[in-house]
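Protein chains in written order, with this note's numbering: chain A, 428 to 729; chain B, 428 to 729. Every residue, glycine too, gets a C-beta built ideally from N, C-alpha and C. What you are looking at is a predicted structure, and each value in this text was computed from that prediction instead of being measured.
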């Protein structure tokens, strides 16, 4: 990644994050509404400084196939709501029992377990509310909204993200081979990253060929992202990552570095990124952000 | 309610429950799928012998406006999935901390808290998957499916069922007046009962007038149902209800009987039922099941 590309991407990501943050802020009910606690808790977690990777990929995929980012913004926000709900529930004492996330106390530490559970439930529910808001997406065919809702719910549900979490919590302290580890990640994070790209592209009228290429790209960066995350967990700087590093090892979690070693993990991530960029070969300059995002996955520090 | 009506309703409810149970059974993935635990846990709670009130109301509303029950069955099932998710999460130690539900151990007592949380999450997600299955509902306009998804998500979310649960957990042991108690119930159970009727009617092409009447009916039986539930909690037979009776009082929960006394609570429920039956005045014989269900609410023993 050249210095110039790095600056360009940094600007792109900051611009997109600002757009998405503003859209999310506009969607969140004010805390003057009743009961205020749930809106406070939703805002606390949703506005905790996430990278907005999933919504950014959704918007970038829309633009890569010639669509407009604003036209799919409600869907991009829905993806972030689902991501945030999954983090709140994953952090619960009965699950990963994390006290910190992105350098801030987790939802249940601030609002209590019952409100954290309910806030996650509400965010998941509101995500599907957004996906049904055809009034906000007048240019999108209702059939496509239903089809993408179906895909997103599959990626989030018991054949996707929830399945990954089940496998993950059931694998702690057990011997896990590379195949199972990849399956956990494919389900736990890969499926939602993959569908984020598909949603943006489908709703923007992508051709079948373009959709297939973006699906490949999504699968490849999804796994690369997770390997990079595992590497960061071993090597990352506590302040940047916002949670304790080395926490996977302390918990007896199997990771790519623990199975393959750091160097082989890094090589595998690099190969995946090369494949991801190759998947976009038939796209023009409008896919430039997706190419840069792929490269960035290897270089991110948090 | 005449003896004849009672038999007729009993037969109707048994028939509908069997239809819905079969549909739910067909929707649940087999336990040979991976990871099996989540499907086992989903089946355990979904097939725990619920009354299927919400899906029955959805099917009955469809028929009351001249539609076909089978045409809206996926939506009826989605409503039951949402209901079941809410019970699993409500029973969690951090929430109501109930060990039994319908005479069986609650999900977290059998599968552990983490799986109970994830099973609730998965059922909620699958509900929205069903609502997006236009392939299963070829006669229904996609726009109507999106609109009803929006209504259902509002009834289930932070302006509906979740809000009711937040108010409920925050009200335990506090002084609650009648207005707040009614608001809790309107949100916690009323909103989903109301939308169950609206969903069945809307998807069957109901007129605006018919939809308004069914909405009134839904609001009235929703509140009556909850008052009856509170009365049952005081008076009910432990074996029939499947959980400890008097548990509300033990927990310091305010109920209609604790605020109004048993007799005044019963009178209020009766008045609501009369109003609900009156709301259906313009409907023909096809609304007979809805009329009988209203009367049954007062007389149920479990």
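Three or more beta-carbon pairs separated by less than 8 Å are not found between the segment 611–624 of chain A and the segment 554–566 of chain B, which leaves the two stretches without contact. Boundaries of the alpha helix (DSSP H) around residue 588 of chain B: 588–598. Distances from the CA of residue 455 of chain A to each of A/543, A/553 and A/593 were compared; the closest alpha carbon is that of A/553. Rounded to whole angstroms, the separation of the alpha carbons of residue 537 of chain A and residue 584 of chain B is 21 Å. Uninterrupted alpha helix (DSSP H) stretches at least 4 residues long and entirely within the segment 432–489 of chain B occur at 463–473, given in chain order. In the three-state reduction of the DSSP assignment, residue 531 of chain A falls in the strand class, which pools E and B. About 25 Å separates the Cβ atoms of residue 626 of chain A and residue 696 of chain A, ruling out a contact at the 8 Å cut-off.
Within 8 Å of the CB of residue 466 of chain A, the CB atoms of chain B belong to 585, in sequence order along the chain. By the neighbour-count criterion, in which a residue is buried when 16 or more other Cβ atoms sit within 10 angstroms of its Cβ, residue 500 of chain A is buried.
For the pair of segments examined, the segment 717–726 of chain A was found not to touch the segment 461–479 of chain B: the number of CB pairs separated by less than 8 Å stays below three. Taking CB atoms only, residue 547 of chain A has a neighbour in chain B less than 9 Å away.
No Cβ of chain A is located within less than 9 Å of the beta carbon of residue 511 of chain B. For residue 552 of chain B, the C-beta contacts it makes with chain A under 8 Å involve 551, 580, 583, 584, 585 and 589, in order along the chain.
Comparing alpha-carbon positions, the option among B/481, B/525 and B/725 lying closest to residue 447 of chain B turns out to be B/481. Here DSSP, grouped into helix, strand and coil, assigns residue 495 of chain B to coil. The segment 467–486 of chain A makes no contact with the segment 600–611 of chain B: fewer than 3 CB pairs, one atom from each, lie closer than 8 Å. Shown here for residue 526 of chain B: same chain residues with a beta carbon closer than 7 Å to its own, the five before and five after excluded, namely 532, 533 and 536 in chain order.
Between residue 649 of chain A and residue 613 of chain A, the gap from beta carbon to beta carbon is short of 9 Å. Of all residues in the segment 527–544 of chain A, only 535, 539, 540, 541, 542, 543 and 544 come within less than 9 Å of chain B when Cβ atoms are compared, listed by chain position. Within chain B, the residues whose beta carbon sits less than 8 Å from that of residue 592 of chain A are 545, listed in sequence order. In terms of CA proximity to residue 708 of chain B, B/640 leads the group B/504, B/476 and B/640. Using a Cβ-Cβ cut-off of 9 Å, residue 621 of chain A does not count as an interface residue toward chain B, since no Cβ of chain B sits closer than that to its own. Here residue 707 of chain B carries a coil assignment [DSSP, helix/strand/coil].
Here residue 548 of chain A is near residue 589 of chain B, since their CB atoms are less than 9 Å apart. The beta carbon of residue 726 of chain A sits closer than 7 Å to those of 428, all from its chain and outside the five residues before and after it, given in chain order. Secondary structure at residue 634 of chain B: coil, using DSSP grouped into helix, strand and coil. A distance below 7 Å between beta-carbons, with the five flanking residues on each side excluded, links residue 517 of chain B to the following residues of its chain, in chain order: 523 and 592. A Cβ-Cβ separation of about 11 Å leaves residue 710 of chain B out of contact with residue 487 of chain B under the 8 Å criterion. Under a 10 Å Cβ-count criterion, residue 469 of chain A is classified as buried, with 16 or more other Cβ atoms of the shown protein chains found around its own Cβ. For residue 516 of chain B, the closest Cβ of chain A is nearer than 9 Å.
The C-beta distance from residue 681 of chain B to residue 571 of chain B rounds to 39 Å, too long to fall under 8 Å, and the pair is not in contact. For residue 502 of chain B, the uninterrupted alpha helix (DSSP H) segment begins and ends at 500–517. By alpha-carbon distance to residue 484 of chain A, the top candidate from A/439, A/544 and A/515 is A/439. Annotated three-state conformation of residue 682 of chain B is coil, per DSSP.
In the DSSP annotation of this structure, the continuous segment of the alpha helix (DSSP H) that includes residue 545 of chain A starts and ends at 540–558.
By the neighbour-count criterion, in which a residue is buried when 16 or more other Cβ atoms sit within 10 angstroms of its Cβ, residue 634 of chain A is exposed.
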